[in-house]
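Notes follow the structure.
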Amino acid sequence: MPNTPCLVQQGCGAFSRGNTATDEDVQLLKATFSVIFPVIEEIPESLMNSVTALSGSGPAYILMVMEALADGGVRLGLTRALAQKLAIQTVLGTAAMARDLDVHPAKLRDDVCSPGGSTIAGTHVLEKAGIRATFSECVEAAKKRNDELGQIQK
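Residue numbers (our numbering): 10 to 163.
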């Protein structure tokens with residue numbers, strides 16, 4: 010299952026090997042799709058709806074985060090264009106750090122939070138609002154709906 014960042018050769022996805030697929034078939038698939046999928050993983054078919062809920066639907070979730078960050082900037086007086094540019098680059102740069110530094114995201118987040126500072130004040134608001142549970146439940150809801158849609162098609 011691919012995701013929309015494939016449009017800019019930054020997608021990720023997973024595939025399940027068919028009964029007759031050989032190791033050579035898998036290598037050909039990975040080589041062919043590696044241009045648009047920097048991350049492509051082989052998984053059991055039973056996990057496909059979970060992958061789809063996370064990475065297939067994930068761009069919509071992250072776009073909502075970017076939109077909300079930009080809205081916050083606009084509320085504070087930034088132009089929409091500047092706020093959007095800053096939000097996009099913040100997400101891109103943060104994703105690159107998480108990918109390239111081989112450090113747990115919690116550690117990277119903690120490194121940004123100075124004691125008594127503005128970032129810890131902001132993250133506290135997110136924690137009080139249940140951001141972790143909300144994102145986790147959002148992925149679970151998407152997986153549940155994928156399961157339901159799979160039953161309809163049978």
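Heads up, the beta-carbon is just placed ideally off N, CA and C, and yes, glycines get one too.
If you check the beta carbons only, do G20 and I45 fall under 8 Å apart?
Yes, the Cβ-Cβ distance between G20 and I45 is below 8 Å.
Less than 8 Å between the beta carbons of G159 and N58, yes or no?
Yes.
What separation, rounded to the nearest whole angstrom, lies between the Cα atoms of L78 and E33?
Rounded to the nearest angstrom, the two C-alpha atoms are 45 Å apart.
Could you tell me whether the Cβ atoms of G22 and S55 are closer together than 8 Å?
In this structure, S55 does not lie closer than 8 Å to G22 by Cβ.
From E167 to D156, what distance separates their C-alpha atoms?
Shown here, the chain extends from 10 to 163; a query on residue 167 therefore has no answer.
Tell me whether the beta-carbon of A96 lies closer than 8 Å to the beta-carbon of V83.
Result no, Cβ atoms of A96 and V83 do not sit closer than 8 Å.
Among L101, A62, L87, which one has its Cα closest to the Cα of M75?
Ranking the options by Cα distance to M75, first place goes to L101.
Run through the DSSP bridge pairs and tell me what C21 is partnered with.
For C21, which the question treats as bridged, DSSP gives the partners V48.
Could you give the DSSP three-state label for P68: helix, strand or coil?
Looking at P68 - three-state DSSP - the assignment turns out to be helix.
Could you check whether the Cβ of I140 sits closer than 7 Å to any heavy atom belonging to the ligand FAD?
Inclusion of the ligand FAD in the displayed structure is not the case, the ligand content being empty and no account of it being possible.
Taking N58 as part of the alpha helix (DSSP H), name the residues at either end of that continuous run.
From DSSP, the alpha helix (DSSP H) with N58 extends over 57-60.
Alpha carbon to alpha carbon, how far is C15 from P47? Give it in angstroms, no decimals.
For P47 and C15, the distance between alpha carbons rounds to 9 Å.
Per DSSP, what kind of secondary structure is P124 in: helix, strand or coil?
Three-state DSSP puts P124 in coil, outside helix and strand.
Suppose the cutoff is 7 Å on Cβ atoms and the five residues either side in sequence are ignored; what does the same chain contact list for V35 look like?
R26, E51.
Please list, in chain order, all residues of the same chain as L151 whose beta carbon is under 7 Å from its beta carbon, the five residues on each side excluded.
Per the sequence shown, the amino acid found at residue 151 is Ala instead of Leu. Only A62, S66 meet the Cβ criterion.
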